[in-house]
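Numbering (the numbering used here), first residue to last: 2 to 569. Cβ coordinates follow ideal geometry from the N, Cα and C atoms, glycine included. Input: a single structure, listed below in structure tokens.
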């Protein structure tokens, strides 16, 4: 993309035919395959693999430990600068910067999955765990590159349809990777199943080779030639700084994942691991851990005061320059933009208690599975498509606002479901509405974050934004169950007692079993859920306000800067 990726003037509204034509472009079709290549290994490593491990007789504690491999997806911004700045020999000239990196990542993913397919988890657990972490790291790296290519190969008004294509491919891969390997494993064994899945990554390879080449990639130089430092000290300093960064990343990742099992093996012991997960106050320790980890990383990348060293100059520039460039380019509105990104999806992320909610209402597992896993996925893909159309037809800012409104509306739909009692049609309507609205909001945010990047820093800035927007939701979501229970207690004997009147016509058995566990009536339990959904909708109102403020201020700030540059 160009240096200024966000347009200050709204583009002319596209016709529906013009919007739909974007989906038929070569770059959009290529993104279907690239999205597939992204979603396939993610599901195989972080979901389907747990079934293989369980079938091999491993304990749930060991299986849960494998979830730590997902930490690489929260920490992508740490090595994204390397991807922005490093050329792959030979392939760079043949394919371009981004596609060369894609091909390397895909080759590594295929090799990782193929090697995993040759192992027996019961006898090679350590090697399998290492390969799972490595494959997860390569998958996260591939995501960095695919996002950067998607942004650089299309202008801002096409980012909506581009986001649709990659999400459709991604979700299609997750559906396939959640079902096909299980069917193959039952007939031919897990090893054969994973070997075949390794070959399926060739779909991504074909998409990479077919995808158009992005514009010439700009690598922003980091000048260290003028720094005099003995080579031995350079090596020692690099080792020390990278070790500190790795430790900081472990602390940060443990905070984001809410799991300190690996960290506790280095410091704190079992006491730390237990305190990290303790309810209700463990979340504060997780937050402190995330902040401390981030501080350790910043410290490791910070130049030594009064002394210029090559590692200090390189790290501080590589990690700091993308953020500094963003803050400078959007000075006067950068803080508001980052706040909007952080809050935008929180009202969706806190809905992490929906399965217990459905069960508490008396829905069967079959009813939940059929609607969530079948119709929910279809609705989600429809929502993603609508989000892309809205972005392309109405522009980024209007799409951002529409998406912000969509989320609290869908959350209030669950409050209506709670009052309706055991109603399969209402369950269907609520889940479909939630998935459609989530798809619209997610696509709008992806397109907006894509527009904030600039040439030379595309991968790093987008990786930073995508890590940032998920952080608050992960931390706040840990309190969802506590809020429901506290609200139910308040409805039984306190300030929320009036909400029980909403359940006057609801069958008495609804929420009765769940209320009995908590020591409250079924009506109070239902009122607790209603209060929770209202709370999530109010979080969405904050996102609406921030979206309006960004839409009002960002174009003015950019227009003023453009005018100042024109007169300079």
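*Helix or strand or just coil, what does DSSP make of residue 531?*
helix
*When the Cα of residue 162 is compared with those of 484, 392 and 489, which residue comes out closest?*
392
*Between the CA atoms of residue 209 and residue 109 - distance to the nearest angstrom*: 14 Å
*Which residues in the same chain as residue 351 place their Cβ atom closer than 6 Å to its Cβ, once the five residues preceding and following it in sequence are excluded?*
477, 478, 481 and 537
*Could you have a look at residue 230 and say whether DSSP puts it in helix, strand or coil?*
coil
_Counting C-beta neighbours from all protein chains within 10 Å, is the total for residue 365 16 or more, i.e. buried, or is it exposed?_
exposed
*Beta carbon of residue 41 nearer than 8 Å to that of residue 247*: no
*Just curious, the alpha helix (DSSP H) that residue 129 is in, first and last residue?*
126-153
_Same chain only: Cβ atoms within 6 Å of residue 415, ignoring 5 sequence neighbours per side_ = 431 and 534
*asked:* Can you list, in chain order, the residues of its chain with a C-beta nearer than 6 Å to that of residue 302? Leave out the 5 residues immediately preceding and following it.
replied: 316, 317 and 320
_Please classify residue 148 as buried or exposed, where buried requires at least 16 neighbouring CB atoms within 10 angstroms._
buried
*Can you tell me whether residue 333 is buried or exposed, with buried defined as 16 or more other CB within 10 angstroms of its CB?*
exposed
*Where do the ends of the alpha helix (DSSP H) carrying residue 362 lie?*
Run containing residue 362: none; DSSP gives neither H nor E here.
*Which residues in the same chain have their Cβ closer than 7 Å to the Cβ of residue 399, if we skip the five residues on either side of it in sequence?*
none
*Can you round the beta-carbon distance between residue 502 and residue 441 to whole angstroms, since I take them to be within the 8 Å contact cut?*
With a Cβ gap of about 33 Å, residue 502 and residue 441 do not count as contacting.
*Express the C-alpha separation of residue 469 and residue 349 in angstroms, rounding to a whole number.*
15 Å
*Where residue 568 and residue 562 are concerned, what is the direct C-alpha to C-alpha distance, given to the nearest angstrom?*
10 Å
_Span of the alpha helix (DSSP H) around residue 516_ = 513-519
*asked:* So, for residue 330: in the same chain, excluding its five sequence neighbours on each side, which residues have a beta-carbon less than 6 Å away from its beta-carbon?
replied: none
*Does the beta-carbon of residue 232 have 16 or more other beta-carbons within 10 angstroms, so that it is buried, or is it exposed?*
exposed
*If you run the structure through DSSP and keep just helix, strand and coil, what is residue 77?*
helix
*asked:* Using the Cβ count rule (16 or more neighbours within 10 Å means buried), how would you classify residue 19?
replied: exposed
*Given residue 384 as reference, the closest of 369, 438 and 343 once Cα atoms are compared*: 438
*When you compare each of 523, 509 and 459 to residue 221 by their alpha carbons, which one comes out closest?*
459
*Mind checking which residues open and close the alpha helix (DSSP H) that includes residue 323?*
311-330
*Taking Cβ positions, are residue 32 and residue 214 nearer each other than 8 Å?*
no
*Using only alpha-carbon positions, find the residue among 179, 167, 93 and 121 that is nearest to residue 444.*
167
*Counting Cβ pairs closer than 8 Å, one from the region 481-493 and one from the region 86-95, do we hit at least three?*
no
*asked:* Considering Cα atoms alone, identify which of 326, 96, 105 and 165 is closest to residue 25.
replied: 165
*Neighbourhood of residue 381 by C-beta distance below 6 Å, restricted to the same chain and skipping five residues each side*: 436 and 440
_Local conformation of residue 354 per DSSP, three classes_ = coil
*How many angstroms separate the CA atom of residue 506 from the CA atom of residue 251?*
51 Å
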